[in-house]
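Peer 1: Each residue of the sequence shown is one higher than the one before, counting from 1 in the UniProt record's numbering.
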Amino acid sequence: MISLLYAHPYAHHARLERMMLDAVQHWPGLELRELYQLYPDFYIDVALEQKMLVHSNAIVLHYPMQCGLPPALLVQYLHKVFQYGWAYGNDAAEVAGRSLQGKKFWVVTQAVAPHQELDPCYQQSMFAPLHQLALSCGMQWQQPLMLPQLTDSVVATQAVELFRQGLDLLSAASEQDRSRYAS
């Protein structure tokens, strides 16, 4: 199973952003979690989210990038759900808390402003905290997908195709891992 954590504060108003979700919402093995619909008050059901993530082979964060930052709810989610002792570090019994160990971790984002966010050097520093989170949790960092600003339906259609191709690759890699560990 792939857990897609979608965090777009204004997606219900944005037709082009909805195209992204509509294209993958019935993807086989995909659990779509629209964070702003689930937790509009920012009160996150940590136990439920941790249970869902434990049963996933891959975790995908999908959000708009604005000034190099993810939306506030996604940051809150990561702080609350990826807890020390559960996702990384040691628990009270000094047992390694690595519930996410070995899972694939993929970041998909799109530019809100068309300028520096598409620069590869800027992107490298922008993704550094999420990369470090993946390493701390023992997850397998996947190359992030930075989509262009969704300015019209042609660009959005191209972005949807890139996203679907990435999900195909992630699904195939997750299936390969599952087969390898089952043998």
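Glycine included, every Cβ here is placed at the ideal spot set by N, Cα and C. All values derive from a computational prediction rather than experimental measurement.
(1) What's the gap between the Cα of Ala128 and the Cα of His26?
(2) So, using beta-carbon positions, are Leu133 and Leu78 closer together than 8 Å?
(3) Within the chosen definition, does the region 134 to 143 reach the region 25 to 39 through at least 3 CB pairs nearer than 8 Å?
(4) Evaluate contact between the region 144 to 155 and the region 2 to 10, counting only Cβ atoms and requiring at least three cross-stretch pairs below 8 Å.
(5) Check whether the region 36 to 56 touches the region 153 to 170, counting contact only when three or more Cβ pairs, one atom from each stretch, lie closer than 8 Å.
(6) Which residue spans inside the UniProt domain "Flavodoxin-like fold" (4 to 151) form an unbroken alpha helix (DSSP H) run of at least 4?
(7) Between the alpha carbons of Ser171 and Ile2, how many angstroms are there, rounded?
(8) Going straight from the alpha carbon of Ser125 to that of Asp41, what length do you get?
Peer 2: In terms of the structure at hand:
(1) 31 Å
(2) Between Leu133 and Leu78, the C-beta spacing is below 8 Å.
(3) no
(4) The answer is no - the region 2 to 10 does not touch the region 144 to 155, with fewer than three Cβ pairs under 8 Å.
(5) no
(6) 15 to 24, 35 to 38, 46 to 54, 72 to 81 and 120 to 136
(7) Cα-Cα distance, rounded: 8 Å.
(8) 30 Å
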